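Note sheet for the following structure.
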Amino acid sequence: MTDNPFATPTAPVQPPAREVPATTQPYAFIAVLALVTCLSFAVSLGIQWYNDIGEIRQRFSEHLQLMAPHWFTGLVFYAAANLLVLHAYREKRQLVEFRPLALLLIGYGLLNLVCGMLAGIGLAPLTLPFYQWVTAQSSYGVWLMAFNEAMSWVYLLLGSLLPLGLVLLGSRVNSPRLAEGEEARVAAWQVALGAALCFATLCFKLMQFLPYALLRYDEPWLYGLYLSGVALPAALLFGAVCTRLPARLQRFAAGRALLLAVVAMLLWSVALLAVGGGWRC
């Protein structure tokens with residue numbers, strides 16, 4: 350019996366995609382990163398205290414008020430970058446999860462410590478002569494800020510993303526992949542958190558280029574106060590993304606999360622300029 354040539358053509362029915370439970374494993378890597386960063390910060394302070402570098406014991410409180418915000422902004426910067434890389438790698442390789450997680454986390458933490466120390470030792474011959482040269486100039490603010498910003502990206506690549514890349518390469522053998530017809534969805538709050546971290550990082554980077562007179566380093570606690578102002582818009586962005594997106598998404602889409610953060614930062618900057626102009630009028 351032949352098919353009816355006048356029948357309405359219909360597409361074959363495709364079975365619904367099987368949804369794989371969303372994984373929170375990337376945040377275990379972020380927790381290890383935070384732990385290693387805290388440990389490195391504490392060890393650095395301990396060494397400075399023990400050797401009394403720059404007579405730090407006499408002004409330890411002021412030094413801590415100034416260094417703690419720098420440490421926190423660096424942690425947010427590293428967390429945002431690592432989170433985007435973890436989600437992008439998982440989606441590109443179509444991985445269900447990272448295995449064996451415990452060994453990967455231990456290796457990631459150890460490599461973070463080792464690579465961070467090696468990066469600091471290896472870059473010291475470059476940074477120290479530059480600081481000596483730039484501080485001898487009559488006007489060195491812009492040079493110093495630009496150099497510090499460039500070095501922050503170098504340290505990110507060598508001390509954080511390189512260890513993460515090595516660990517992820519080692520996970521390819523044992524990490525299960527998605528089968529045909531499976532989808533690894535992510536929760537909306539994960540995308541919201543990634544966008545909020547990127548937004549906070551961009552704001553922190555922008556604040557670092559504020560004039561030195563405005564930051565007033567003679568009052569160290571003011572720098573932390575400036576940075577705390579980023580918490581409100583970051584929380585608003587997190588809440589807005591959570592409420593506007595569906596509860597579960599097909600992809601994390603790291604590039605879109607970063608683009609969202611850039612747009613939000615630009616809008617927030619325009620709003621601040623508009624409010625500042627209104628107050629002047």
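Per the numbering used here, the very first residue in the sequence shown carries number 350; after that it's consecutive. Backbone N, C-alpha and C define an ideal beta-carbon position, used for all residues, glycine too. Owing to the predicted nature of the structure, the values given are computational and were not obtained by experimental measurement.
May I ask which residues mark the beginning and end of the beta strand (DSSP E) holding residue i?
i    : result
E440 : E440 -> not in any beta strand (DSSP E); alpha helix (DSSP H) instead, spanning 409–442.
A528 : Careful: A528 lies outside any beta strand (DSSP E) and carries neither H nor E.
How would you call residue i, buried or exposed, if buried means at least 16 neighbouring beta carbons within 10 angstroms?
i    : result
S520 : buried
V622 : According to the sequence provided, residue 622 is Leu. The question's Val does not apply to it. Exposed, because fewer than 16 other Cβ atoms sit within 10 Å of the Cβ of L622.
L432 : buried
L453 : buried
W617 : buried
Y399 : exposed
R605 : exposed
C547 : buried
C464 : buried
N497 : exposed
G508 : buried
P512 : buried
G543 : buried
P418 : buried
L609 : buried
V579 : buried
L581 : exposed
L388 : exposed
T372 : buried
L607 : buried
Quick check on DSSP: helix, strand or coil for residue i?
i    : result
R605 : helix
R406 : helix
L615 : helix
A596 : coil
A495 : helix
V535 : strand
F447 : coil
A479 : Checking the sequence, you will find Phe at residue 479 rather than Ala. The answer is helix: DSSP assigns F479 an H, G or I state.
F558 : coil
V624 : helix
A544 : helix
S501 : helix
A610 : helix
A468 : helix
S577 : helix
A473 : helix
L520 : The amino acid occupying residue 520 in the given sequence is Ser; Leu does not appear at that position. The answer is helix: DSSP assigns S520 an H, G or I state.
A549 : helix
Do residue j and residue i count as a contact pair if the criterion is CB distance below 8 Å?
i    : j    : result
V611 : L510 : no
M614 : L551 : yes
T422 : F558 : no
A537 : A596 : yes
L576 : M556 : yes
R600 : P525 : no
A549 : H436 : no
How would you write the range of the alpha helix (DSSP H) that residue i sits in, first residue to last?
i    : result
A383 : 374–400
L510 : Taken as a continuous stretch (DSSP letters only), L510 belongs to no alpha helix (DSSP H), as it is neither H nor E.
R593 : 580–593
Assuming residue i and residue j form a contact by the criterion Cβ under 8 Å, report the distance between their Cβ atoms to the nearest whole angstrom.
i    : j    : result
V535 : V590 : That pair is no contact at about 12 Å.
M500 : T484 : That pair is no contact at about 15 Å.
L505 : F587 : That belief does not hold up - the Cβ atoms of L505 and F587 are roughly 23 Å apart, past 8 Å.
L515 : L460 : 6 Å
F378 : Y438 : Contact flag wrong, Cβ pair sits at about 11 Å.
Q397 : I405 : 5 Å
L472 : V503 : 7 Å
Q374 : E440 : No, Q374 and E440 are not in contact; Cβ-Cβ is about 13 Å, not under 8 Å.
L444 : T386 : Incorrect: roughly 26 Å between the Cβ atoms, too far for contact.
A545 : A583 : 5 Å
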